[in-house]
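Novice: Chains A and B, in that order, are what the protein sequence lines are.
For the first sequence, our numbering assigns the number 645 to the initial residue and increments by one for each residue that follows.
For the second sequence, our numbering assigns the number 10 to the initial residue and increments by one for each residue that follows.
Quick one: structure below, then a few questions.
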Amino acid sequence: MPEPTWTYAPAPESRDVVTLRSAYGLFVDGAFTDPTDGGSFKTVNPATEEVLAEVAQAGPADVDRAVAAARRAHTEVWGPMPGRERAKYLYRIARILAERAREFAVLETLDNGKPIRESRDVDVPMASAHFFHYAGWADKLEHAGFGAEPRPLGVAGQVIPWNFPLLMAAWKLAPALATGNTCVLKPAETTPLSALLLAEVLQQADLPPGVVNIIPGAGDTGATLVAHPDLDKVAFTGSTEVGKAIQRQLAGTRVRLTLELGGKAANVVFADAPIDQAVEGIVNGIFFNQGHVCCAGSRLLVQESVVDAVLDTLKRRLGTLRLGDPLDKNTDIGAINSAEQLARITALVEAGEGEGAQRWSVACELPEHGYWFPPTLFTDVSQSHRIAREEIFGPVLSVLTFRTPDEAIAKANNTPYGLSAGVWTEKGSRILWMAQRLRAGVVWANTFNRFDPASPFGGYQESGFGREGGRHGLAPYLRSPDLRSPDA
Amino acid sequence: MTTLHPAIETLPEPGGGEAALRGFLHGLPGVDQVGAEARAAGLATRSIKRESKLWALELAVRMTDLTTLEGADTPGKVRALCAKARRPDPSDPDVPPVAAVCVYPDLVPIAVAALAGSGVHVASVATAFPSGRASLAVKLADVADAVAAGASEIDMVIDRGAFLSGRYGQVGEEIAAVKAACRDARLKVILETGELATLDNVRRASWLAMTHGADFIKTSTGKVSPASTLPVILVMLEAVRDFHDATARAVGVKAAGGIRVAKDAIRYLVVVHETAGAAWLDPDRFRFGASSLLNDLLMQRRKQLTGVYAGPDHFTLD
């Protein structure tokens, strides 16, 4: 008789669909080029610490070249092009992304460390869906509610994070291109590869040279880009700290700015919640993508009468999470994206223990190489603890309790952030009551971390401003004639 | 020790009154259908390969209740089914026998004789299967008849009409009475989830059956569509898991109808594994009610062992 417990055999997705080059250049004016004054950096697989490729880093002269190419493309080609023609390119990009989905999923998982299940089922299909969605808007802008003749802003500098590298590129590029802007995009230092593969897709789609330029690099490349005097628009997704610096820098200029920053979302579970689905929502809220999600439900607020039952069910469920090789199709929890991020998570968890919160981690074996952190939750957390206030951006959940709906609102809103929130109850009227009072850009009812290209996403307070997705996502890239400033 | 949800800290006593029973069943945490369906769909993406697949295929064979429930059933058909139940793959003695053969009450003696000494259980549907539309006296006589003929498992149907109109006490009393009539036979309670309309009702019917003596809760008669589905099984498995937390009594689950290919069976086993836990990966705690599924399990098993598919003619018809 075979052993009584069932061990799933390894089911790794094949790496063969991806051809990794040993070195990648900058994508400027429609072609891959060497940097003029930048160096290069290595990007590693965070699950194994294997070096994947050497990637060119853009210096100030390269940023100049990229912005100049984007300006030229905007003036000569993309700006004057009718929306229905731009739409054709966007549809083509969306289709090619879908056709090459498996290649993108494997590459994303290699470079980022996220489970293939997520890159395959979420990141890549959503990225394609965003291009499809905005392709549909490109020829309907005059009916979108931004005036009779909305015009593009011009050249957009866009800086994106490492948690959803391809998806964030799609969120930035698709609305900008649909509205007739051209782009200079800087992917994150630890995850440049899917954006560079996307550059190949743009070539394949015959996108005119200079419409999209992709310039990898670290923070200084990003700083050079957002400070460039010939930009009309800056869009940034990343940490609140950097977002504030950018806002200070652009204050008083005519550059439009949107920021999508950190979060410390409350996931509020009432006693009358559908408990089994709430537990799934808690897991999905904080352990999806190893908690590297700006809208992660990192603060669990449970009504006191059910807290023990919810936590016991939650812990049992966490015991079934499978941590390991991100390329394995059965992996639920992949690798932490970088040594730096792992150090930050570790430091905050130690702070939590130091401040007296009770730590509980899943007893699972961590791989020998790479960057890993076990799914962890803290109980006995109070509002003043650092783990209840600061964004950890890792698989760490802080559990707090409440007794009344008013107390839930007070605690949920007691944060400088305001990106997302979740409410779990079978009572419809309470969902509406809560949603009216929660200061968060997105409120999920009986679900969490659900996204759709048609649904706007963005924050309150220090989580940023501006909306991405849907009709609202067009606004940050349009100059309405009715609202035109005197110098425009 | 798991802390119980307040709703299941005190369980209703059989015969404890309609109001108490209603209060308990309607106090159970709700089921969010969208969330339950998403969870089931997520588990269905598990990729089961090589030795873990072979293990699952053989387990699924051992969990099968090989079933024939047709008006046209004959003693010869039942004997053929019993022969298949003992030796599902005549060319390979390593294939284990199935869990049970499931027939109508009048054919129980034939099955008992054909399966003597094999360890394969004889299950019989009873209680005016599949509709359940008969008086309690007739239902109990039906059960007594099947038990007297040697059935070791009884698959009863609940009165869905009574359940849907809120007469939970009546349904519970019937289950308890049938349980008593079963004597030593194991009682499987068919909820007919395809007629219960909501997952909230599936959860309530599961608890109603478990608190009134069910040894197994079973999805369907196979005569109503939809029969078994993954979200329904997920909710039933959550119920048996929570009931076990509350009482330390393990109730089994039987998925019946609509499971025709090995791939689906493996998905069910993943849901069992990751919901109720490894202890439910056992024929005493999980069953498949099916007929055509068995041949696909055998075909996939041979493919796993030899690397090539044998044609359908290499596997016997029931």
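Backbone N, C-alpha and C fix where the C-beta goes; we use that ideal spot for every residue, glycine too.
Residue 1081 of chain A CB to nearest chain B CB: under 8 Å?
Specialist: Not closer than 8 Å to any Cβ of chain B, the Cβ of residue 1081 of chain A fails to qualify, so no.
Novice: What are the start and end residues of each continuous alpha helix (DSSP H) run of 4 or more residues lying completely inside the segment 813-878 of chain A, in chain order?
Specialist: For the segment 813-878 of chain A, whole alpha helix (DSSP H) runs of length 4 or above, ordered along the chain, are 837-848, 863-870.
Novice: Looking at chain B, which residues of the segment 723-745 of chain A have a Cβ within less than 7 Å of any of its Cβ atoms?
Specialist: So nothing in the stretch comes that close.
Novice: Let me know the secondary structure DSSP gives residue 268 of chain B once reduced to three states.
Specialist: Three-state result, residue 268 of chain B: coil.
Novice: When DSSP builds the beta bridges, which residues end up paired with residue 227 of chain B?
Specialist: Answer is B:199, B:263.
Novice: Does the beta-carbon of residue 117 of chain B, which I'm using as the reference point, lie nearer than 7 Å to any heavy atom of the ligand SAM?
Specialist: This structure lacks the ligand SAM; in fact it carries no ligand of any kind.
Novice: Going by C-alpha distance, which of B:93, B:146, B:43 is nearest residue 71 of chain B?
Specialist: Answer by Cα proximity: B:93.
Novice: Leaving out five residues on either side along the sequence, give the residues of the same chain with a beta carbon under 6 Å from the beta carbon of residue 835 of chain A.
Specialist: If we look at residue 835 of chain A and ignore the five residues flanking it on each side, its Cβ neighbours are 755, 756, 806, 809.
Novice: If you reduce the DSSP assignment to three classes, tell me which class residue 802 of chain A lands in.
Specialist: Correct three-state label for residue 802 of chain A: strand.
Novice: Between residue 921 of chain A and chain B, is there a C-beta pair that is closer than 8 Å?
Specialist: Closer than 8 Å: yes.
Novice: Mind checking residue 658 of chain A: buried by the 16 CB within 10 Å criterion, or exposed?
Specialist: Classification of residue 658 of chain A: exposed, given that the 10 Å Cβ count is below 16.
Novice: Enumerated in chain order, which unbroken segments of the alpha helix (DSSP H) with a length of 4 residues or greater are wholly contained in the segment 84-157 of chain B?
Specialist: As far as the segment 84-157 of chain B is concerned, its whole alpha helix (DSSP H) runs of at least 4 residues are 84-95, 117-124, 145-157.
Novice: Starting from the beta carbon of residue 39 of chain B, find every residue of chain A whose beta carbon is closer than 7 Å, and list them in chain order.
Specialist: 918, 1070, listed in chain order.
Novice: Residue 1047 of chain A CB to nearest chain B CB: under 8 Å?
Specialist: No, residue 1047 of chain A does not count as interfacial toward chain B.
Novice: Quick one: is residue 263 of chain B buried, meaning 16 or more other Cβ sit within 10 Å of its Cβ, or exposed?
Specialist: Per the 10 Å Cβ criterion, buried.
Novice: So with Cβ pairs under 8 Å, would you call residue 56 of chain B a contact of chain A?
Specialist: By this cut-off, residue 56 of chain B is an interface position.
Novice: Could you name the residues that DSSP lists as bridge partners for residue 285 of chain B?
Specialist: According to DSSP, which records beta bridges pairwise, residue 285 of chain B is partnered with nothing at all.
Novice: Of all the options A:1107, A:955, A:918, A:997, which has the alpha carbon lying nearest to the alpha carbon of residue 903 of chain A?
Specialist: Closest by alpha carbon: A:1107.
Novice: CA-CA distance, residue 95 of chain B and residue 1013 of chain A?
Specialist: If I take the Cα positions, the gap works out to 50 Å.
Novice: List the endpoints of the continuous beta strand (DSSP E) containing residue 937 of chain A.
Specialist: Where residue 937 of chain A is concerned, there is no enclosing beta strand (DSSP E), given that its DSSP letter is neither H nor E.
Novice: In terms of residue numbering, what span does the beta strand (DSSP E) encompassing residue 216 of chain B cover?
Specialist: Segment 208-220 is the alpha helix (DSSP H) holding residue 216 of chain B; no beta strand (DSSP E) there.
Novice: If the criterion is Cβ atoms closer than 8 Å, does the pair residue 811 of chain A and residue 770 of chain A meet it?
Specialist: Taking 8 Å as the Cβ cut-off, residue 811 of chain A and residue 770 of chain A qualify as a contacting pair.
Novice: For the 8 Å Cβ check, are there 3 or more pairs between the segment 165-172 of chain B and the segment 134-144 of chain B?
Specialist: The segment 165-172 of chain B is in contact with the segment 134-144 of chain B.
Novice: Can you pull the DSSP bridge partners for residue 900 of chain A?
Specialist: Answer is A:877, bridged to residue 900 of chain A.
Novice: Pairing CB atoms from the segment 151-160 of chain B with CB atoms from the segment 122-136 of chain B, are three or more of them under 8 Å?
Specialist: These segments touch.
Novice: For residue 282 of chain B, which residues in chain A fall below 8 Å Cβ to Cβ?
Specialist: The contacting residues are 650.
Novice: Take the Cβ of residue 44 of chain B as the centre, count every other Cβ of all protein chains shown within 10 Å, and call the residue buried at 16 or more, exposed below.
Specialist: Burial call: buried.
Novice: Can you list, in chain order, the residues of the segment 931-957 of chain A whose Cβ is nearer than 7 Å to any Cβ on chain B?
Specialist: Against chain B - using a Cβ distance shorter than 7 Å - the residues of the segment 931-957 of chain A are 949, 950, 952, 953, 956.
Novice: Of the residues that make up the segment 758-773 of chain A, which ones have a beta carbon closer than 8 Å to any beta carbon in chain B?
Specialist: The segment 758-773 of chain A vs chain B, Cβ under 8 Å: 761, 765.
Novice: Would you grab the beta carbon distance between residue 980 of chain A and residue 1016 of chain A for me? Rounded to a whole angstrom, and I think it's under 8 Å.
Specialist: Their Cβ separation, rounded to whole angstroms, is 6 Å, which keeps residue 980 of chain A and residue 1016 of chain A in contact under 8 Å.
Novice: So the beta strand (DSSP E) residue 1045 of chain A belongs to, where does it begin and stop?
Specialist: Per DSSP, residue 1045 of chain A belongs to the beta strand (DSSP E) from 1040-1046.
Novice: I'd like to know whether the C-beta atoms of residue 684 of chain A and residue 710 of chain A end up nearer to each other than 8 Å.
Specialist: Contact flag unset, no.
Novice: CB residue 1104 of chain A to CB residue 1038 of chain A, shorter than 8 Å?
Specialist: For residue 1104 of chain A and residue 1038 of chain A, no; Cβs fall outside 8 Å.
Novice: Three Cβ pairs or more, each shorter than 8 Å: is that satisfied between the segment 213-230 of chain B and the segment 238-255 of chain B?
Specialist: Counting Cβ pairs under 8 Å, three or more are found: they touch.
Novice: Residues in the segment 192-216 of chain B with C-beta within 7 Å of chain A's C-beta atoms, listed in sequence order?
Specialist: If the cut-off is 7 Å between Cβ atoms, the segment 192-216 of chain B has nothing near chain A.
Novice: Flag residue 11 of chain B as yes if its beta-carbon sits less than 8 Å from any beta-carbon of chain A, otherwise no.
Specialist: So yes, residue 11 of chain B belongs to the interface.
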